[in-house]
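Worksheet: the structure to be examined is printed underneath.
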Amino acid sequence: MSISLSVNERLILRNQYQILSYLDPDVQNKEWYERSIEILEYGYEINYKDLFLGADCSLDSNKSLFVIKVLNMYDRIAEATEDKDATPPKDADYFASFHGFDGNGESEYIGYARFLIHKEGKFQRFRNLDLNSHLPSVAKYKKMLSIFDNLPGNGKYGDLTESDLRKLLTA
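Add 2 to a position in the sequence shown, counting from 1, and you land on the number used in our numbering.
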């Protein structure tokens, strides 16, 4: 990623970092702000990317919607398994609980799930989870969603039956 900044943009950002350095009591942050100020003052273009950590990444709408659908599906699975009449099949016990996404290869999904849960206040059932499954999960969730989306009422309305759970969790 190549970033170019005009002199005006550099000055504006430099001033913002200067203000932040005065407001933030954390010594480590002050050091980062001072480094950023120097990068901007002297126009070290190769280091501009350091000023925008994470800004070069984006999660497209399809992936964002996928995360929402997965969280919704697991919310419905949790509701169904809290019911005494619907128990997850033993061979699919691991997938009866939401474990998140793989921190190594699916971190963008974890980031959005955390945003939805902790910043947006949605899916509060999962607020105490780490959300790092430590194993690739997207492929499994895609299989599960293809079944979930085809359940009567789209699986979104009404109760999930034990048969629905078996289909979902053994996908």
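Every residue gets a Cβ at the ideal spot worked out from N, C-alpha and C, and that includes glycine.
No experiment lies behind these values; they were computed from the predicted model shown.
Residue of the options minimising C-alpha distance to residue i
| i | options | result |
| --- | --- | --- |
| N64 | V140, G107, K32, S135 | V140 |
| Q20 | N10, S66, E36, T172 | E36 |
| L131 | Y76, A173, D151, L22 | Y76 |
Contacting residues, own chain, Cβ-Cβ under 8 Å from residue i (five flanking each side not counted)
| i | result |
| --- | --- |
| E43 | R12, R16 |
With 16 other Cβ atoms within 10 Å as the buried cut-off, status of residue i
| i | result |
| --- | --- |
| V29 | exposed |
| K169 | buried |
| I79 | buried |
| Y50 | buried |
| L25 | exposed |
| I41 | buried |
| V9 | exposed |
| D52 | exposed |
| D166 | buried |
Beta-ladder partner(s) of residue i, from DSSP
| i | result |
| --- | --- |
| F103 | N134 |
Run of the alpha helix (DSSP H) containing residue i, from where it starts to where it stops
| i | result |
| --- | --- |
| N152 | No alpha helix (DSSP H) contains N152, which DSSP labels as neither H nor E. |
| F68 | 63-84 |
| L162 | No alpha helix (DSSP H) holds L162; DSSP gives it neither H nor E. |
| Y111 | 109-116 |
| K51 | 50-53 |
| E40 | 29-44 |
Cβ shell of residue i (< 7 Å), same chain only, five flanking positions each side left out
| i | result |
| --- | --- |
| K71 | L147 |
Contacts around residue i, its chain only, beta-carbon distance under 6 Å, and the 5 residues preceding and following it disregarded
| i | result |
| --- | --- |
| I119 | F125, F128, R129 |
| F97 | L171 |
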